[in-house]
Structures are given as C-alpha cells and as structure tokens.
Amino acid sequence: MTTLLITHPASLRHLTPPGHPERPDRIRVVEQTLEDERFAHLARVEAPRADLDLVTLCHPRQFVEALIAASPVTGLVEIEADTTMSPGSLEAALRGVGAATHAVDEVMQGKARNAFCATRPPGHHAESVKAMGFCFFNQAAIAARHAQKAYGAERVAIIDWDVHHGNGTQEIFWNDPSVLYASTHEMPLYPGTGAASERGEHGTIVNAPLRAGDGSDTFRDAFETAVLPRVDAFQPDLVIISAGFDAHWRDPLANINLVESDFAWATQKLMAIADRRAEGRVVSILEGGYDLEALSKSTASHVLALMRG
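Numbering (my numbering), first residue to last: 700 to 1008.
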C-alpha cells in the first residue's frame, strides 16, 4: 500500500478578493511541489463531488441549502467578514468534502495506507451552522462521521496543528465521546477559542495553546505532553490530521516559529500511534498555510513523512 494524493481542479476556481491570503496560488504551489520526482510513487486521484448526504453528516440541510442559494452566478458574495463565495466556491467546497470522504474510503478499505487531501477552501473553522474563517464545510469533521457511519469506526481522533484553533471541529464534537479533538494553536489569535480549560462534555477536547514567539521546542513539548498521550489512550480506529502549515515562521497571519521538519516529526509521531491503534490508518486534510514558500516546504516534509512512515 502507498500514500494517496487527492486533488481537484475545482480548488483553483474558488476565488477570493485581491490580496486575500486564502488564494488559488496556495493549491498551485502544493501541486507543483508534489510533482517533484520525490513524490513519483504517490497514488493520485481526483476528488469526487460529495453529495449532500455526506455534507449533512455535520451540517443541517437548511444551512447547506442556504449556502447553495447564496452561491453567486458572477462576482463575489460576502458570507462572513473574511469568507466570500465566487461562482466556483461551492463546487470547490463539495470536492473538498469528496476528497476527505474518499480518503476515508480508501484507507478504511485498506486500498491505501494513508492519504493527503490537497484541496481548498479549508474547513476547520466551519461550525455546524456557520461558515467562517475562510471555511464553508468542515471536511475533517465530515470525514470522521463518514468513517463512523460507513465503516463502524467506534473512535476517531482529529489532530489539528493549524496555527488557528479549529473552533468548528470543537463545536461539532463538543458533546461526542466517540471523537477526540486535539489542537495546538496560537493564543490569543483568531478565532479566540481553544483555551486549555475547554475540554468538552466528555473530556474529549484537548487544547494545547501556544504563545506568540513560541518555536519548535515548545510545540514539540506540547505535542509530547498534552496531545500524543491523549490520542494514544483514546485508541482511535482512524487518525485524521487537520494539516495547517501557518504555524511556520514565515507565515504572515501568525507568530509561531515552526520549521518544516516540525511537521514531519509530528506526522511521524501520529503515524506511530496509528500503527499501534488504527492499523496505520491516517487521513490528512490541508487547512491553512499562507506563505507560499513555507507552504511548499512544509507540505513536502509532511507528505514525505506519510510516504516513508
């Protein structure tokens, strides 16, 4: 078995206002990076278009239909202060959900060891009934629910190292003992959630906030002490990574000083738990990362770790 890369050209057709950090060039640079000969052994497929039954695993149909109705024929429509839709946005979001759920299918059926979904827009800020923070549908959350519904996964762990807290994923699973959500992120920073005291109704929310200026040592310590033991003890049937690369020192939207090797290290640590607890099953989904050089190098480091184990 190999690592599966899932992409789709629709990611390029989700347009944002000039100067917006969440832009099509993010996917262009990721795709260019993964064309390098180091990634020749990646299995590659295009993301299917998710049907609405998949989206409604985490988002009420009324919310989904309202987003569909808001989708413009021309121009841009503001959904929320920093979240806009273009004529191609809905298709991109549905392909993103399709990528995440297809990755679950391939990994849970043993057709791929692990998978990386290189799509946009990101998803971890999307709450059950609110699009925000560049996000429309919460792909990681939907992937977890799909694994449970379609494959009987009893426990799913979602680990989020994006520099911004995944408030949407936390909100969706706040009352759910069957999904562990663990996050490292900068505080205070958008969206303002993610304090260590936020633990969920069943203690399955794990927040390990970092402070502006923190670097590799602090991140790795937080991962080793707060995140990894909880993930291991949870004994997940599937590990999902919300792989944002905006905690890199070059990123313009935050103040954490990670380097690309930190993401490889974190990937390897999670893969080791997946090997012990989940038959190696890992699904990784691109979230943030807004400096193109940092995004390129960090993605390469992460995917190489997935490929090599």
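Glycine residues also receive a C-beta, built at the ideal position from the N, C-alpha and C atoms.
Straight-line gap, residue i to residue j (C-alpha atoms, nearest Å)
i: Glu730; j: Ser896; result: 38 Å
i: Met700; j: Gly1008; result: 12 Å
i: Ile767; j: Val938; result: 30 Å
i: Asp859; j: His824; result: 11 Å
i: Ala900; j: Ala769; result: The sequence shown places Glu at residue 900, rather than the Ala named in the question. About 34 Å.
i: Ala993; j: Ser915; result: 15 Å
i: Phe835; j: Met1006; result: 29 Å
Best match in the options for proximity to residue i [C-alpha to C-alpha]
i: Pro821; options: Val744, Val930, Ser710; result: Ser710
i: Phe872; options: Asp913, Met886, Ser827, Ala846; result: Ser827
i: Leu733; options: Met886, Gly809, Ala1004, Ala999; result: Ala999
i: Glu986; options: Asn837, His707, Thr903, Gly809; result: Asn837
i: Thr783; options: Lys848, Thr892, Arg712, Gly891; result: Arg712
i: Leu888; options: Arg919, Asp861, Gln808; result: Asp861
i: Ala911; options: Ala946, His901, Pro935; result: Ala946
i: Pro771; options: Gly867, Thr883, Glu790; result: Glu790
Residue i vs residue j beta-carbon contact at 8 Å
i: Ile972; j: Asp913; result: no
i: Ala953; j: Glu885; result: yes
i: Arg919; j: Met807; result: no
i: Ala842; j: Thr800; result: yes
i: Phe1011; j: Thr702; result: Because residue 1011 is not part of the residues shown, which for the chain are 700 to 1008, the question remains open.
i: Val982; j: Val763; result: no
i: Ser941; j: Thr883; result: no
i: Arg794; j: Ala852; result: no
i: Gly832; j: His863; result: yes
i: Ala830; j: Ile778; result: yes
Contact set for residue i: own chain, Cβ-Cβ below 6 Å, skip 5 residues either direction
i: Asp781; result: none
i: Val817; result: It should be pointed out that residue 817 corresponds to Ala in this sequence rather than to Val. Hits under 6 Å: Thr706, Val729, Leu985.
i: Ser997; result: Phe944, His947, Glu959, Phe962
i: Val1002; result: Phe815
i: Leu714; result: Ser785
Residues bridged to residue i [DSSP beta-bridge criterion]
i: Asp859; result: Ser882, Ser941
i: Pro908; result: His884
i: Met784; result: Val776
i: Lys829; result: Glu826
i: Cys834; result: Met831
i: Arg743; result: Leu704
i: Gly914; result: Asn956
Chain-order list of residues whose beta-carbon lies under 7 Å from that of residue i (same chain, five-residue window excluded)
i: Thr917; result: Leu909
i: Gln934; result: Arg854, Arg976
i: Arg929; result: Leu879, Ala881, Val905
i: His845; result: Leu753, Leu756, Thr800, Val803
Residues near residue i by beta carbon distance below 8 Å, same chain, minus five either side
i: Arg760; result: Leu751
i: Tyr989; result: Pro720, Glu721, Arg725, Asp945, Asp950, Pro951, Leu952
i: Lys848; result: Leu756
i: Pro716; result: Leu775, Thr783
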